[in-house]
Each structure stands twice: as structure tokens, then as C-alpha cells.
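Here the structure is laid out as C-alpha cells; the discussion comes afterwards.
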Amino acid sequence: MPHVICSSCERLVHQGSCSFSTCRETYMCHKCSFAQRLGLSESALMEINAGSYLSDEHVNIASSMLKEQFGAKFHGLNPPLPVRHNNEIVNELQYPILICGDKDYVQIMHTGNQHWVTCIFQTASPNTAIVPDSLRKTKLSSFLCLQVAMVACSKEESITICRKPCQQQRGSVDCALFAIAQATEFCSTSEIRFIDFDQSKLREHWMSCVRAGKLTRFPAISSRPKKTL
């Protein structure tokens, strides 16, 4: 059988192992066909199943879902895009600025140190960024502070970053799941609460959301009020 070019990634593939796309004369390789059906690449799916650190592909998809579901209610919710930091291109977001007095602003951010957090600006306190950080033992990175300042675009001399008390993750690889869970929780309730998420079920829930194409609140053991530190 003849060889063809995948219409998505332009790999040279064998016609017998390809899937037809919408165009009768166009083929997609099994990797691209898989990603199109599921919404995740095979490598990203392996990250979930292997219990490893989740790449920006997951945050990209989660942000797109949140934008579609809650974009009319909140600003932000943008997927990662390439920007320059310390003369290197990294997969972070060049954020649109905060529009004060309009809507709350929610954004999943990367700290630059293999760690994801959710950042929230509420209209009542536009110069305060609330960051529920699942690894509070680590110091806030200068890159995260830079991103917060980019969003605030404030005329004030300083911006307050409040690391709201929140559940601390076990291990170091589930930060993206906690960030997605925190963003989903706030978008669903408009409340900042201390949530004890069931960490053992976060990956399974994220996978079900990807398959359904819709984000729902992540499994929690309990919720309880906490004072800001």
C-alpha cells in the first residue's frame, strides 16, 4: 500500500495504519487521530497513567475548558503561550491585563520551577493576588511575581500576594492537578475556601473531564474555613 503524509503532523505514514479525516483524500496518523479523539496526545496520557508530572499540555486543555465554561463570568483563564524569560523561551502566558471593577480574574500560572499555581484577583481587592499554593514550603519565585505584576498592571507602588492557606500536596508531581482543581473550584463557586481534595482521585477525575470535554469540581474529602496567614 502507498505511503501518505499525515495532514496534522506531516509525518510520513503508511496508509494502512492511518485514519480518514473529514477530507476524503486526507489521512491522519494514529498519534494525531488519537489526540483528536481524546483531546490529549499519547505522551500526555502516559503522564496521567504513570503518575508523573503533568506538562503544560494539560494546563492548556484545562484552561481552554474553563474559558469555554466560565469565560463570560471571569477574566483570565488563558492557556500557556511562549514568552521570553531570562533570554530563554518558556511555555508560559503573556497575560492580558486585569480590568478593575469588572469581573474576577483567574489564571493558572507556572512559577518557572516545575510548579503550577492558581492566581486569583477579586474585584473587591484589585491590588491583592490570592495564590492558593499546594507547595507553600517553597519560596515565591521572581517569575511568578513578575507574572502577577503583569496581570495587575497597577498604578500602586506595590501589589500584595496572599498565599491563602490550602491543602498541601503529597509528593511533588501533582501541582498541576491541584492548580486545575483550585481554579475549577473558584470558577464553580466564586468562593475561596480551604478544600481537602482527595489526591488519590485527582488524576482519575481529570481523565474523566478530558473524555467528557467539560470540567467539573474535583473530588473533595471536606471543606473548611481558614484564616489568611
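In our numbering, the protein residues as written are 1 to 229. Beta carbons are placed, not taken as given, at the ideal position from N, Cα and C, and that holds for glycine.
When Cβ pairs closer than 8 Å are counted between the two stretches, the stretch 202 to 214 is seen to touch the stretch 37 to 57, the count reaching three or more. Between the alpha carbons of Thr216 and Ile180 lies a gap of roughly 10 Å. Inclusion of Gly76 and Gln107 in the CB contact set at 8 Å is warranted, their separation being smaller than that value. For Asp133, the CB contacts under 6 Å within the same chain, skipping 5 residues up- and downstream, are Val117 and Arg163 in chain order. Taking the Cα of Thr111 as reference, the smallest distance to any Cα among Cys166, Gln147, Arg203 and Ala50 is reached at Gln147. It is roughly 8 Å from the alpha-carbon of Cys187 to the alpha-carbon of Phe74.
Runs of beta strand (DSSP E) with 3 or more residues, each lying fully within the stretch 104 to 156, are found at 105 to 110, 116 to 121 and 128 to 130, listed in chain order. Per DSSP, the beta bridge partners of His75 are Tyr105. According to the DSSP assignment, Thr160 belongs to no alpha helix (DSSP H) but to the beta strand (DSSP E) extending over Thr160 to Cys162.
Judged by DSSP in its simplified three-state form, Phe218 adopts coil rather than helix or strand.
The stretch 168 to 177 makes contact with the stretch 48 to 63; the number of CB pairs closer than 8 Å reaches 3 or more. Between Phe143 and Gln167, the C-beta spacing is not below 8 Å.
Shown here, Ile48 sits in a helix according to DSSP, grouped into three states. For Ile180, the enclosing alpha helix (DSSP H) has its first and last residue at Cys175 to Thr189. In the displayed model, Ile195 falls within a strand according to three-state DSSP. Residue environment analysis places Ile221 among the exposed positions, since fewer than 16 neighbouring C-beta atoms fall within 10 angstroms of its C-beta. Sorting Ser43, Ile48 and Glu156 by C-alpha distance to the C-alpha of Leu202 places Ile48 at the top. At a Cβ-Cβ threshold of 8 Å, Ile120 and Asp102 do not count as neighbours. Contact annotation: Ile161 and Leu140 have beta-carbon atoms nearer than 8 Å.
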